[in-house]
Amino acid sequence: MITIQKLFLLAFIVLCINSQSYSQRFTLEKPDSTNIYYRIITQRTKQLKLKKLEQGSPKAEIRLWTIFELRYFNDLVVLSQNDTSWQALYYPHISIPGTKNTSDTLKSVMVTLHPVNEWNTLLKTLHDNHVFSLPDMDKIYGLVDNWADGTTYIVEVATPTMYRFYRYHLPEKFSDKFQQTQQMVNIVSAVEEAFMLKKQRKQQERLLRK
């Protein structure tokens with residue numbers, strides 16, 4: 000028997016493939032190649048030996064990048080569709096303290112994640128907060144970002160017919176005035192809570208710093 004949860008999961012997968020009105024015409028939304036965040040993501044994608052999504056993806060894929068105050072220091076969560084299911088990979092970027100004679104180094108590992116609850120719980124939250132169609136923060140009318148530092152989130156989404164790249168800097172600072180920033184906060188929180196990312200990060204830090 001097909002449960003309501005399975006029906007929702009199948010519906011979400013169909014929605015991902017048909018997001019933003021299905022057509023054979025490919026939709027591409029990304030910043031100019033001189034954009035500092037685009038350059039960071041492009042470089043890290045290459046370092047992690049991940050495929051570039053700008054030509055689209057045979058299956059739906061969502062990448063959530065967390066860029067901390069120091070721009071070279073970032074984490075990545077990849078959510079990718081696999082037939083009728085999804086998988087999650089986590090790439091924490093961890094600083095390893097140097098010794099008296101060596102500098103600090105940065106290391107990345109790959110961790111397979113499993114949601115605390117069922118996948119459909121996370122997917123519904125992502126769908127309800129428009130993960131495939133949120134605008135870039137810079138395109139939100141009336142929003143002026145005067146914050147100089149703090150965490151930046153980059154989302155890459157791809158399907159067979161589209162690729163989008165959008166950025167939010169400290170979305171929680173604007174969430175009381177702009178619905179889109181609250182939706183970004185909800186997306187980040189949902190992913191962090193579904194996979195207990197803070198716990199995962201601390202665990203990987205302990206392992207790498209032994």
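So the sequence shown is residues 0 to 209, counted in numbering that gives the first Met the number 0.
Cβ coordinates follow ideal geometry from the N, Cα and C atoms, glycine included.
Nonlocal neighbours in the same chain, by C-beta distance under 7 Å from residue i, ignoring five residues either side
| i | result |
| --- | --- |
| K58 | S79, Q80 and N81 |
| Q182 | N128, H129 and L133 |
| E171 | V184 |
| W146 | H168, L169 and K172 |
| Q202 | none |
Presumed contact (8 Å Cβ cut-off) between residue i and residue j, rounded CB distance
| i | j | result |
| --- | --- | --- |
| L75 | I93 | No, L75 and I93 are not in contact; Cβ-Cβ is about 12 Å, not under 8 Å. |
| V156 | F131 | 5 Å |
| L47 | V190 | So it is not a contact: roughly 18 Å between Cβ atoms. |
| Y215 | I153 | The displayed coordinates of the chain run from 0 to 209. Any statement about residue 215 would go beyond what the structure contains. |
| K29 | E60 | With a Cβ gap of about 15 Å, K29 and E60 do not count as contacting. |
| L142 | F177 | 6 Å |
Residue i classed as buried or exposed, judged by whether at least 16 other C-beta atoms fall within 10 angstroms
| i | result |
| --- | --- |
| F164 | buried |
| S84 | exposed |
| V108 | exposed |
| V184 | buried |
| T151 | buried |
| S56 | buried |
| T180 | buried |
| W118 | buried |
| R208 | exposed |
| R166 | buried |
| T230 | Since the displayed the chain opens at 0 and closes at 209, residue 230 lies outside it and no answer follows. |
Own chain residues within Cβ distance below 6 Å of residue i, not counting five before or after
| i | result |
| --- | --- |
| G149 | L169 |
| V77 | R62 and L88 |
| E204 | I93 |
| Q86 | S79 |
| D144 | H168 |
Sequence-distant residues of the same chain with beta carbon closer than 8 Å to residue i, five excluded per side
| i | result |
| --- | --- |
| N73 | I39, R43, W64, T65, I66, F67 and H92 |
| K197 | E191 |
| M199 | Residue identity differs from the one stated: residue 199 is Gln in this sequence, not Met. Cβ within range, chain order: Y89, P91, V110 and L112. |
| T120 | P114 and A193 |
| D31 | Y37 |
| N116 | A193 |
Using a Cβ distance threshold of 8 Å, determine whether the segment 135–145 contacts the segment 112–127, with at least three qualifying pairs required.
no
Which ranges would you report for the beta strand (DSSP E) in the segment 44–79 if only whole runs of at least 3 residues count?
60–66
Alpha helix (DSSP H) runs wholly inside the segment 144–178, at least 4 long, in chain order
none
Counting only runs that start and end within the segment 114–148, where is the alpha helix (DSSP H) found for 4 or more residues in a row?
118–127
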